[in-house]
Amino acid sequence: SRWNLRLHFIQEGPVPLETGGGMLNALPLLGDAPFIAVNGDIWTDFDFARLPARPEGLAHLVLVDNPEHHPHGDFILDGNGRVHDQGTQPRLTFSGVGLYAPALLRDWQQVIGEDDGSTQRPPRFKLAPLLRAAMARGLVTGQHHRGHWTDVGTPQRLHQLELQLRGENA
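Here is the structure:
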């Protein structure tokens, strides 16, 4: 394609697999190369060319300023570009854009344990515990996107974004 992209789709089944389970389920299609995952319920002007070719560790996350509905943020981005779960520095919000090494998912069962969905086939589990475990080992980097970003997770926020994009008062 003109963008040099290949899109793959997988049927998750009647119950969504969460991000971690979805990624694990997609690994046979993705192979050993790093891959980008983007939440389906965000809108952003982030320039994906600013992502590194491969993560320094297991993941590289794009973080944004905290929106009104999530004032305390998710993670800390230090001056060296490392992302942390704990600390006293101001927190930023995970944008839903990340570059991941398939190895992030290698030991998922040790991190997740026997959670409700983890014993299903295919397994269903969140990505955040894997990211936090990798952060504890210093294996997650990130960058702060200061441009436009919206979590379009509710009908109200979707409506506000539509008004904004049409140039109307939101």
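First residue of the sequence shown: 1, per the UniProt record's numbering; consecutive thereafter.
For each residue, glycine too, the CB sits at the ideal point set by N, CA and C.
> Is it true that the CB of G40 sits closer than 9 Å to the CB of R124?
Replying inline: Annotated as distal: R124 and G40, with beta-carbon spacing of 9 Å or more.
> Touch check for the stretch 39-55 and the stretch 93-112: three-plus C-beta pairs under 8 Å?
Replying inline: Yes, since at least three Cβ pairs between the stretch 39-55 and the stretch 93-112 fall closer than 8 Å, the two stretches touch.
>> Going residue by residue through the stretch 135-169, where are the continuous alpha helix (DSSP H) segments of at least 4 residues, counting only ones entirely within it?
In response: The stretch 135-169 is shown to contain whole alpha helix (DSSP H) runs of 4 or more residues at 155-165, in chain order.
> Buried or exposed: where does I112 fall if 16 or more other Cβ atoms within 10 Å of its Cβ makes it buried?
Replying inline: I112 should be labelled buried.
> Where do the ends of the beta strand (DSSP E) carrying W3 lie?
Replying inline: Boundaries cannot be given for W3, as no beta strand (DSSP E) includes it and DSSP labels it neither H nor E.
>> According to DSSP, simplified to helix, strand and coil, what is F94?
In response: Of the three classes helix, strand and coil, the one that applies to F94 here is strand, per DSSP.
>> Taking only three categories from DSSP, how would you classify A59?
In response: Strand at A59.
>> Residues in the same chain with beta-carbon distance under 7 Å from H144, minus the five sequence neighbours each way, listed in chain order, please.
In response: Around H144: L63, L77, L92.
>> Tell me which residue opens and which closes the alpha helix (DSSP H) that T19 is part of.
In response: Run containing T19: 18-30, per the alpha helix (DSSP H) assignment.
> Taking the continuous alpha helix (DSSP H) assigned at I42, which residues delimit it?
Replying inline: Where I42 is concerned, there is no enclosing alpha helix (DSSP H), although the beta strand (DSSP E) it sits in stretches over 42-44.
>> By the three-class DSSP mapping on this structure, what secondary structure does A37 have?
In response: In the structure shown, A37 adopts extended strand secondary structure according to DSSP, grouped into three states.
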